[in-house]
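Colleague: The opening position of the sequence shown corresponds to residue 1 in UniProt numbering, with each subsequent residue numbered one higher. Questions regarding the structure given below will be posed in turn.
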Amino acid sequence: MQGNRARGSATGAVRHTVAMWLWRLLAGVALVLAATSAYSAPKTLLVLGDSLSAEYGLERGTGWTALLQQRLQQHKLATTVVNASISGDTTIGGKNRLPALMSQHKPDVLVIELGSNDALRGLPLKTSQDNLQAMITLARQQQAKVLLVGMQIPPNYGPDYTRRFSAMYQDLAKSNKVALVPFFMEGIAADLSLFQADRIHPNEQAQPRLLDNVWPALKPLLGLK
Numbered sequence: 001m002q003g004n005r006a007r008g009s010a011t012g013a014v015r016h017t018v019a020m021w022l023w024r025l026l027a028g029v030a031l032v033l034a035a036t037s038a039y040s041a042p043k044t045l046l047v048l049g050d051s052l053s054a055e056y057g058l059e060r061g062t063g064w065t066a067l068l069q070q071r072l073q074q075h076k077l078a079t080t081v082v083n084a085s086i087s088g089d090t091t092i093g094g095k096n097r098l099p100a101l102m103s104q105h106k107p108d109v110l111v112i113e114l115g116s117n118d119a120l121r122g123l124p125l126k127t128s129q130d131n132l133q134a135m136i137t138l139a140r141q142q143q144a145k146v147l148l149v150g151m152q153i154p155p156n157y158g159p160d161y162t163r164r165f166s167a168m169y170q171d172l173a174k175s176n177k178v179a180l181v182p183f184f185m186e187g188i189a190a191d192l193s194l195f196q197a198d199r200i201h202p203n204e205q206a207q208p209r210l211l212d213n214v215w216p217a218l219k220p221l222l223g224l225k
């Protein structure tokens, strides 16, 4: 009888150990599933830009935004890139167009690449800054993450204007705590072989470099390391 009791106790202990192990295993699986469901990759990424993002002078599907869509697919992200860029657009145009675009596409991420045409048209920096701020505010009110793409202008605009134009993007990114590409044309602006005949717009060979300039700041917004 004592032997049977001992065997029964041993069997019960084993069952208890197995049950505890299974409980811990299931609990661990549940935590993993919860963590996975808590993060979902952005479904829509909206690019609001000018000719630098609108494939000006390029064959359709060869611009940096199209290359971005391909890269997202390579990373197994089911994120759709909506390119709402228009050649010649300014921050005023972007601000006016954004409410309808946000309502239509409901983006999780907004990339703002605007401001160069403001400088070309001699718009006051305060106006450009206010317009960019309005776009950032609207996007964040609708729970969209923002990537601000910075630009620089030639020194012939005057050293003070040139400096303040570049600083505008940095100041906005800092005050709003949004991601920033310091200079969209980094590594391109000084290389004429990367421009179209007008020497203003990057050619097809420059598009991968434009994407590479954007990618480091964009990755964290997509949940990538």
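Just so you know, even glycine gets a beta-carbon here, dropped at the ideal spot from N, CA and C. Computed from a predicted model, the values in this text were never measured in an experiment.
Per the DSSP calculation, Gly49 is bridged to which residue(s)?
Modeller: Counted from its first residue, the sequence shown places residue 49 at position 49. Gly49 is bridged to Glu113.
Colleague: Can you check DSSP and say which residues form a bridge with Thr80?
Modeller: In the sequence shown, counting from the first residue as 1, residue 80 sits at position 80. Looking at the DSSP assignment, Thr80 forms a beta bridge with Thr44.
Colleague: In whole angstroms, give me the CA-to-CA distance for Leu218 and Tyr169.
Modeller: Position 218 of the sequence shown, counted from the first residue, corresponds to residue 218. Position 169 of the sequence shown, counted from the first residue, corresponds to residue 169. In a straight line, the C-alpha of Leu218 is about 16 Å away from that of Tyr169.
Colleague: Assuming Gly94 contacts Asn131 (C-beta within less than 8 Å), just tell me the rounded distance between them.
Modeller: Here residue 94 refers to the residue found at position 94 when the sequence shown is read from its first residue. Here residue 131 refers to the residue found at position 131 when the sequence shown is read from its first residue. Contact holds; Cβ gap of about 7 Å.
Colleague: Take Lys106 as the anchor and find which of Glu55, Gln142 and Tyr56 has the nearest alpha-carbon.
Modeller: Numbered from its first residue, the sequence shown carries residue 106 at position 106. Closest option to Lys106, Cα to Cα, is Gln142.
Colleague: Counting beta carbon pairs with one atom in the segment 55–64 and one in the segment 119–129, are three or more of them shorter than 8 Å?
Modeller: The segment 119–129 is not in contact with the segment 55–64.
Colleague: Assuming Ala197 is part of the alpha helix (DSSP H), what are its boundary residues?
Modeller: Residue mapping note: residue 197 aligns to position 197 of the sequence shown, counting from 1. Careful: Ala197 lies outside any alpha helix (DSSP H) and carries neither H nor E.
Colleague: Taking only the alpha-carbon atoms, compute the straight-line gap between Ala35 and Leu110 and give it to the nearest angstrom.
Modeller: In the sequence shown, residue 35 corresponds to position 35, counting from 1. In the sequence shown, residue 110 corresponds to position 110, counting from 1. Model confidence at Ala35 stands at a pLDDT of 42, short of 50, so the residue's coordinates are unreliable and nothing is read from them.
Colleague: For Val146, name the three-state secondary structure that DSSP assigns.
Modeller: The residue labelled residue 146 in the question sits at position 146 within the sequence shown. In the structure shown, Val146 sits in a strand (DSSP, three-state: E or B).
Colleague: When DSSP labels each residue in this structure, what does Val214 get in the three-state scheme?
Modeller: On the sequence shown, residue 214 is found 214 positions in, with the first residue counted as 1. Helix, per DSSP.
Colleague: Between Gly150 and Leu114, is the Cβ-Cβ spacing less than 7 Å?
Modeller: Here residue 150 corresponds to residue number 150 of the sequence shown, with the count starting at 1. Here residue 114 corresponds to residue number 114 of the sequence shown, with the count starting at 1. The answer is no: Cβ separation not under 7 Å.
Colleague: If you follow the beta strand (DSSP E) that Leu180 is part of, which residue opens it and which one closes it?
Modeller: Numbered from its first residue, the sequence shown carries residue 180 at position 180. Its beta strand (DSSP E) spans residues Ala179 to Val181.
Colleague: Taking 7 Å as the cut-off, decide whether the C-beta atoms of Thr80 and Ser128 are in contact.
Modeller: Counting from one through the sequence shown, the residue named residue 80 turns up at place 80. Counting from one through the sequence shown, the residue named residue 128 turns up at place 128. Taking 7 Å as the Cβ cut-off, Thr80 and Ser128 do not qualify as a contacting pair.
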